[in-house]
Amino acid sequence: MNKFESAEKGSHSDDSSTTPTVAQQVHPHHHTGFIVHAGQKIKHFVHPKDGRKIHIAQHPEQEQSLRRYLSAIHPETSYDIVIHGSPDHIAVLRESQALRDEERAQLRLRYGADFDRFERIIQELDHLNKELHMVSEHAVQLDANFEKFGYSAHLRTLPASGTTSSSSSTFEGHDHHDEHASTEDYYKAQKKLGQSLVFFKRPMMRQYFHKGLLWRSQSFQEVVSFELFVDLFYVGIIAIAGDAASETPNGESLLKFVVVFTLAWKFWGDVSLYVSWFDADDILRRIIVLFTLTCLLGFTVNIGGAWDTTWPALVSFYLAPKWLSTLYFLWMAYLIPMVRNAMISTAVVTWLPSAFYIASIHVGQWKRQGLIWPAIYLDLFGPAMLVVLERGPKWMGSKMQAWARKTYDFIPGANIEHKIERTNAFVALVFGYSVVALLYQSAVKFSLNAFYGKAVLFLIISFTYNWIYFEIDAFNMHTHAIRRHFWSSLLWLSAHLPFIMAYVLAGAALSKIVLAHDLGNASSEWLAEPYNERSEEKISQGLRWYFCGGLSVSMICMTFISMSHTYRTIPNVRLRKGFRLLYRFAVSIAILLLPLARESLNSLQLVGTCCALVVSILLLEIRGSASSGTTFWGIEEFRRRKGGYSARCHVSRKVLEENIKTGKVVNVEDLAKKEKTTENAREGFTV
0 MNKFESAEKG SHSDDSSTTP TVAQQVHPHH HTGFIVHAGQ KIKHFVHPKD GRKIHIAQHP
60 EQEQSLRRYL SAIHPETSYD IVIHGSPDHI AVLRESQALR DEERAQLRLR YGADFDRFER
120 IIQELDHLNK ELHMVSEHAV QLDANFEKFG YSAHLRTLPA SGTTSSSSST FEGHDHHDEH
180 ASTEDYYKAQ KKLGQSLVFF KRPMMRQYFH KGLLWRSQSF QEVVSFELFV DLFYVGIIAI
240 AGDAASETPN GESLLKFVVV FTLAWKFWGD VSLYVSWFDA DDILRRIIVL FTLTCLLGFT
300 VNIGGAWDTT WPALVSFYLA PKWLSTLYFL WMAYLIPMVR NAMISTAVVT WLPSAFYIAS
360 IHVGQWKRQG LIWPAIYLDL FGPAMLVVLE RGPKWMGSKM QAWARKTYDF IPGANIEHKI
420 ERTNAFVALV FGYSVVALLY QSAVKFSLNA FYGKAVLFLI ISFTYNWIYF EIDAFNMHTH
480 AIRRHFWSSL LWLSAHLPFI MAYVLAGAAL SKIVLAHDLG NASSEWLAEP YNERSEEKIS
540 QGLRWYFCGG LSVSMICMTF ISMSHTYRTI PNVRLRKGFR LLYRFAVSIA ILLLPLARES
600 LNSLQLVGTC CALVVSILLL EIRGSASSGT TFWGIEEFRR RKGGYSARCH VSRKVLEENI
660 KTGKVVNVED LAKKEKTTEN AREGFTV
């Protein structure tokens, strides 16, 4: 099997299906009967126009080695090399196919019926050869698939050595009994062998772009245990950052929360990036991750006083893993020359914001904002700008475009499935934190009070957000934003940071709001320690803005995330996706304006109003995505399963009623033979 498989965005299946067609074309006066079976790829063929031998490489590395080998033994004009699935490969296949079709048309005109008979014989022989191939070879490699599940498939096949017909010249028959035995022995031997742990394993690119093609490793990328460990670490970071912001809900605390949370987000993104790029399951990688976690721990313990005294320490713990990532990318540039230019550029982009962070240590609290935000911008959007440069768009000019495509011939690519799975895991982590924020302990026997009501209402809000993000917005999805386009993927990636940040802020504010006793059916004495000490007589205006603003911004970001995907068209849909997203945006604005009511809404009314508005979005999504021609409740489907019968009968009602009264049996076959001569017979009705 090949080490890499290619996939070109926007390519069609009929392009690749032309490969066997070209290989089967032969000289008109001599038929070798060579056929290509399913799963087998052509290695070379002769171009019918100039006689050049076209060699097909399966991946770029093979192209380079094949070119070096052929240049040593053949003149350059006698051969050509193309990469399987590339535009050059498709073009030469289509050109060869057109020439062969033209040659076949000329032969048909020259030989007439003899040519048609000869072609039918060839097609029949090819069909017989394929059948023999399916009988003898189709299931030979099943052991390799069953091996994954610890099961051995004992196969019995028919040998092809007894073929003595004319097709023996077209099908290379051989006995596979020895092959089956060796495969079974190989499986039994491999099942008893284990793998040894190594300190360092030479890394391999999991996927990369080359000449418009995405080359991916065939091995499946699974989420490793230390990635889940990093996610659990972030539970503490989210709690500390959110609690620090809700203690003093003002603009300064919000600014501090945004800066700290963005830097913590970059920790998580950097770890996911080099795990997704490189396949190196060794001990050294785990040591690097452990060092990153120790720096993240140092970063976390300095969050509380970052605005006053601990900013230099916080920046130091943030830059240490950034510089390690820079060295790691430079090391990958040395070990993997294929992506050397891209890795060097990535290292530069990773290191560049460090100058701004270091300079921010030596200035005052507010002056450093002019250095922090350019650094954050480079941290967040520097990799995206590098990707734009590597792609070489047309607006850069022909010279710059040619330079970019030559310099960045190989570009590392992230695994889409892994990125989506890791992002979904982080979002689930944030939703889980919001549920923890509403928990408290009661000190009364009967705890159905305002505290419990506010907790239940926000639980409904959290469940609704989870429902919309993971199910509603993923329902009938046709193309994910990352697969759709570069700009849609950039929107999807960029919208998640403010979405998560805003929802964490709303959950942190809710932890204070749920304990407030600003209404009649609530008292601080009804709460157990230490929650009774945290209970406030009224909620501040800052908490109202945190809570409503967090829910509003997170819902708006979810709207943009949903807009970045493409969806399948639902027949007779009640309300199109665009109108549902417009309503979602309008509700977000309404939630954002609720703090303007001030004390007119107590804590229970505020949470209840937000809950009603959020649930209305869910109900509209559910009802609007249903088809107008089908039942919503499923009662008709239940009735159909109970049993029913419906038919059309071209017999007059009068005749049927008379037959029912007299008990006469109607022969359906006789009715079918009769011609409809009367007007009543032409009228049908449902029984």
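In this text, residue positions in the sequence shown follow numbering that gives the first Met the number 0: the first is 0, and each later residue adds one. Just so you know, even glycine gets a beta-carbon here, dropped at the ideal spot from N, CA and C. All of these numbers come straight from a predicted model, not from anything done at the bench.
Can you tell me which of the three DSSP states residue i falls into?
i	result
HIS417	helix
THR214	Before going further, note that residue 214 is Trp rather than Thr in the sequence given. Strand at TRP214.
GLN194	coil
PRO336	helix
ASP79	strand
THR293	helix
ALA56	strand
THR463	helix
GLN206	strand
SER224	helix
ILE371	helix
ILE569	coil
VAL45	strand
PHE117	helix
HIS126	helix
LEU526	strand
THR478	strand
SER534	coil
If you measure from the beta carbon of residue i to each beta carbon in chain B, is any gap under 8 Å?
i	result
LYS398	Looking for chain B here will not work: only one protein chain is present.
Using the rule of at least 16 other Cβ atoms within 10 Å of the residue's Cβ for burial, across every protein chain shown, is residue i buried or exposed?
i	result
HIS361	exposed
SER534	buried
ILE471	buried
PHE145	Residue confidence is low: PHE145 scores 42 on pLDDT, short of 50, so the model does not pin down where it sits. No coordinate-derived value is stated.
TRP264	buried
TYR439	buried
ARG284	buried
LEU68	Here residue 68 turns out to be Tyr, not Leu, going by the sequence shown. Classification of TYR68: exposed, given that the 10 Å Cβ count is below 16.
ILE282	exposed
PHE457	buried
GLU251	exposed
MET204	buried
THR325	buried
VAL348	buried
THR406	exposed
With a Cβ-Cβ cutoff of 8 Å, do residue i and residue j count as a contact?
i	j	result
ILE415	VAL613	no
GLN500	PHE260	Residue 500 is actually Met in this sequence, not Gln. The answer is yes: Cβ separation under 8 Å.
ALA507	SER245	yes
LEU518	ALA449	yes
LEU550	ILE590	yes
SER539	ALA436	no
TRP306	LYS255	yes
ASN267	PHE474	The sequence given here places Trp at residue 267; Asn does not occur at that position. Going by C-beta atoms, TRP267 is not nearer than 8 Å to PHE474.
VAL513	ALA442	no
PHE199	VAL288	no
LEU292	VAL197	no
PHE687	MET342	Because residue 687 is not part of the residues shown, which for the chain are 0 to 686, the question remains open.
Excluding five sequence neighbours on each side, which residues of the same chain lie with their C-beta closer than 7 Å to the C-beta of residue i?
i	result
GLY111	none
ARG583	MET554, THR558 and ILE616
ALA180	Residue placement at ALA180 is flagged as unreliable, the pLDDT there being 49, under the threshold of 50; the coordinate-derived value follows with that caveat. Answer for ALA180: no residue qualifies.
ASP242	ALA507
GLY412	GLN206, TYR207, PHE208 and LEU213
LEU65	HIS54, ALA56 and ILE80
PHE445	none
Taking the alpha helix (DSSP H) that residue i belongs to, which residues open and close that run?
i	result
GLN96	86-110
GLN604	602-623
TYR502	485-512
VAL586	576-591
PHE260	250-276
MET562	540-562
MET399	397-406
Suppose the cutoff is 8 Å on Cβ atoms and the five residues either side in sequence are ignored; what does the same chain contact list for residue i look like?
i	result
ARG573	ARG622, GLY623, SER624, ALA625, SER626 and SER627
PRO47	GLN24, SER95, LEU98, ARG99 and GLU102
ALA71	none
TYR502	VAL429, PHE430, SER433, TYR464, GLY549, LEU550 and SER553
PHE578	GLY623
List the endpoints of the continuous beta strand (DSSP E) containing residue i.
i	result
ILE360	Element bounds for ILE360: n/a, residue is neither H nor E.
PHE409	409-411
Grab me the residues of residue i's own chain with a C-beta within less than 6 Å of its C-beta, minus the 5 sequence neighbours each way, in chain order.
i	result
CYS294	PHE316, ALA319 and PRO320
SER359	ARG367, LEU370 and ILE371
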